[in-house]
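To convert, take the position in the sequence shown, counting from 1, and add 1274; that gives the numbering used here.
Just so you know, even glycine gets a beta-carbon here, dropped at the ideal spot from N, CA and C.
Reading through the structure tokens given below for one structure.
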Amino acid sequence: MCGIFGYTGKPTNAAGLVFAGLKKLEYRGYDSWGIAVGAGHTIYTARDVGKLGRAPEDLPAAGLALGHTRWATTGAVTEANAHPHHDCTGRIALVHNGVIENYLPLREGLKERGHAFQSETDTEVAAHMLEEEMAALEAAGGGTLAEALRRVSLKLTGLNAFAALDSQTGEMAAVKNGSPLIVGLNGGANYLASDQAALLAHTDRLLFVRDNQVVSLHPGKVDLFDAATGHALPLEVEQVEWRPEEAELNGYHHFLEKEIWEQPEVFRRIATQGIEQADSLATFLAGARKLYFTGCGTAYHAALTGSYLLAIEARKHAIPIYPHELGNFAPLMEEGDVLLALSQSGETIDVLDAVRAARSQGAKIGALTNVPGSTLTREADCRVMLGAGPEKSVLSTKTFTAKLAYLLLAAGALAGDVMRHVPTLHAAADDIDEFREGKDGRLDALRDAAHHIAGHNQLFLLGRGLGYPMALEGALKIKEVSYIHAEGFAAGELKHGVIALIEPGTPVIVFAPAGTDEAHMLTAAGEVKARGAYIVGISPRRHSVFDAYLPLHTQGHAFYLSATAAMQRLAYELALLRGTDPDKPRNLAKSVTVR
């Protein structure tokens, strides 16, 4: 898997255009890349291992090109395994996101029929199968690349998206089953991508290809078909509101930095424009017999936080469950239950599996996601669009806090006042803006703490109440981007095992908000300090137990929203100090669409 970008239109520097499209998809994570150009009934290909550097200069001008960034699944990270892959005749080039689960017997059968393989990948199997289907169609009187690809897709198991080009006919075709594909329409040119962020520079008219659909693209023409039957389908073209400049750095050094500091704008937007969505979400949740929240990684931490917020604010019980574990609980669900699914992309396969398992038991589905037209938005009964704009760093930042903002407003609505926490969102926004400006010295204090932590390979974060999911999320951000082994714990669990890990000098971050939890957190800080820990205190007040202090000027729930931004920025500073890539951490992808 990772990124797909294709172009069909007037002859131009198609390779450069596709290269630029792939650059827009770099944030998804990848380890190799390739581009195929169809010109003069011939395919010209450039492939390489590593990151996209300069656009290939030896590919001819053309009106047909297809590119891919690969995150290795089947087959090692080598140039031979990079996409696109070709058939034996050199007529077809194909790229693929996903995993072909039955590729081994298919590969053996193709070898027996004389096909020569150039890679270790499962993807190349599809290229040779496409060659055979094209030959069969032509022997029977003719057919299209889209029809051949449709027939191939029916013989494959697993969740996949394929895109291919035919240098003989100039057709580009794609089929989707589980991994996202989007068509961009712009007059005489059409585009294909695995993420709409890559299309925004070219068009705002998008066709979201659904599961089990096949699309055929020519300059100025797009056709859609049912993958099971081949019957033509109507085009449902949507006009998106995201602006191309939202997906650019705009003066920041990294997207992670930019997206951390965009959170105040997101809070203010939700506080003014998101009230109706929050109220609708609350109404949907209020009718649940039993209520479940689910999400992966950062989204799970948002789900866990949401369960606290509903308990604290509205005395309503929500059960947070990882989606890949929900199968154990799905048999307990029944009609009248609600599953609220949280996902930045709306394409996370584990989340979609959980949604389908819950629906099969009669549960209704709610969705919090950031991507219009995503699979999750289409499968949900109630959907909240986060409206956070493109998020290009692999680490989720503003989409995480946007989820918290909507859950906070919905919790207030369930308690009788959807406007209750509008001031909370504004207070957090103001505090994060002050933090960014650096005039009060907090940014310098955070950088000083980062310098102390950067040389350590172990770090702990302690929280209580809402501070517990914040500790988990802060630890995740730090480990994702700096590769420090960071763990978040409920402070009450300290004496039940965690304290055995404390050694002299071990950094421990302590969330100590004003209020009832403050005394408990200071006691926990004292216990680890007595064992030699270096305490970084996150609190509205300085306390003698802190070795380093990061003040937050907020109270209540706003404290945790501000603290989240502080931990994100700490993770960013640690990445810079340790020489890692803040936007593209190793081994990670933005949207996980394979199991």
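Enclosing alpha helix (DSSP H) for residue i [first to last residue]
i	result
Ser1667	No alpha helix (DSSP H) holds Ser1667; DSSP gives it neither H nor E.
Glu1386	Tyr1377 to Glu1386
Leu1530	Phe1529 to Trp1535
Glu1550	Ile1549 to Ala1560
Lys1298	Ala1288 to Lys1298
Tyr1574	Thr1572 to Ala1588
Thr1797	Thr1790 to Lys1803
Gln1842	Gly1830 to Arg1852
Ser1427	Leu1419 to Ser1427
Ala1410	Thr1397 to Ala1413
Thr1649	Thr1649 to Glu1653
Lys1753	Gly1741 to Ser1756
Beta-carbon proximity list for residue i, same chain, < 7 Å, skipping 5 on both sides
i	result
Ala1837	Met1744, Phe1785, Ile1812 and Leu1826
Glu1801	Leu1768 and Ile1773
Asn1376	Leu1430 and Thr1431
Val1514	Gln1470, Asp1478, Leu1480 and Pro1646
Ala1422	Leu1404, Glu1407, Met1408 and Leu1411
Pro1285	Ala1335, Ala1336 and Gly1337
Ala1329	Ala1289, Gly1290 and Phe1293
Leu1509	Leu1481, Val1496 and Leu1498
Ala1684	Ala1552, Leu1555, Ala1556 and Leu1559
Ala1728	Leu1848, Leu1851 and Arg1852
Other residues of its chain near residue i: CB distance less than 8 Å, five sequence neighbours each side excluded
i	result
Pro1605	Gln1635
Gln1392	Ala1354, His1359, His1360 and Glu1398
Thr1363	Glu1405
Leu1688	Ala1556, Leu1559, Ala1560, Leu1584, Glu1587, Ala1588 and Lys1590
Nearest-angstrom beta carbon gap, residue j and residue i [assumed within contact, 8 Å]
i	j	result
Gly1349	Gly1452	With a Cβ gap of about 20 Å, Gly1349 and Gly1452 do not count as contacting.
Gly1280	Leu1340	4 Å
Leu1565	His1591	7 Å
His1726	Tyr1808	6 Å
Glu1665	Asn1644	7 Å
Leu1720	Leu1848	Incorrect: roughly 10 Å between the Cβ atoms, too far for contact.
Ser1490	Asp1500	About 13 Å; that fails the 8 Å criterion.
Ala1335	Asn1287	6 Å
Glu1445	Thr1671	Not a contact, Cβ separation roughly 40 Å.
Ala1320	Gly1312	Actually they do not touch by this definition, with Cβ atoms about 13 Å apart.
Lys1298	Ala1472	4 Å
Thr1780	Gln1842	Incorrect: roughly 22 Å between the Cβ atoms, too far for contact.
Leu1368	Ala1400	6 Å
His1402	Leu1384	5 Å
Beta strand (DSSP E) segment containing residue i, residue limits
i	result
Lys1638	Lys1638 to Thr1643
Leu1459	Ile1456 to Asn1460
Arg1657	Cys1656 to Met1659
His1759	His1759 to Ala1764
Ser1617	Val1612 to Ser1617
Gly1737	Gln1732 to Gly1737
Ile1783	Pro1781 to Phe1785
Thr1568	Leu1565 to Thr1568
Val1449	Met1446 to Asn1451
Asn1434	Asn1434 to Asp1440
Per-residue DSSP class, three states only, for residue i
i	result
Pro1594	strand
Arg1365	coil
Glu1512	strand
His1476	coil
Arg1328	coil
Ala1884	Outside the displayed range of the chain (1275 to 1869) lies residue 1884, so it cannot be described from this structure.
Ser1634	helix
His1342	strand
Phe1391	coil
Tyr1526	coil
His1492	strand
Gly1312	strand
Ser1813	strand
Lys1250	Nothing about residue 1250 can be read from this structure; the chain reaches only from 1275 to 1869.
Asn1861	coil
Contact set for residue i: own chain, Cβ-Cβ below 6 Å, skip 5 residues either direction
i	result
Asp1624	Cys1570, Pro1597 and His1598
Arg1365	Ser1441 and Gln1442
Phe1709	Arg1716
Ala1628	Thr1568, Pro1597 and Leu1600
Pro1778	Gly1806
Thr1572	Ser1670 and Phe1674
Ala1420	Ala1447, Val1488 and Ser1490
- Query: Are there three or more Cβ pairs, one per stretch, closer than 8 Å when the stretch 1734-1742 is compared with the stretch 1786-1795?
  - Reply: yes
- Message: Would you call the stretch 1532-1546 in contact with the stretch 1694-1703, where contact means no fewer than 3 C-beta pairs closer than 8 Å?
- Response: yes
- Message: Would the stretch 1453-1465 count as touching the stretch 1651-1658 if we require 3 or more Cβ pairs under 8 Å?
- Response: no
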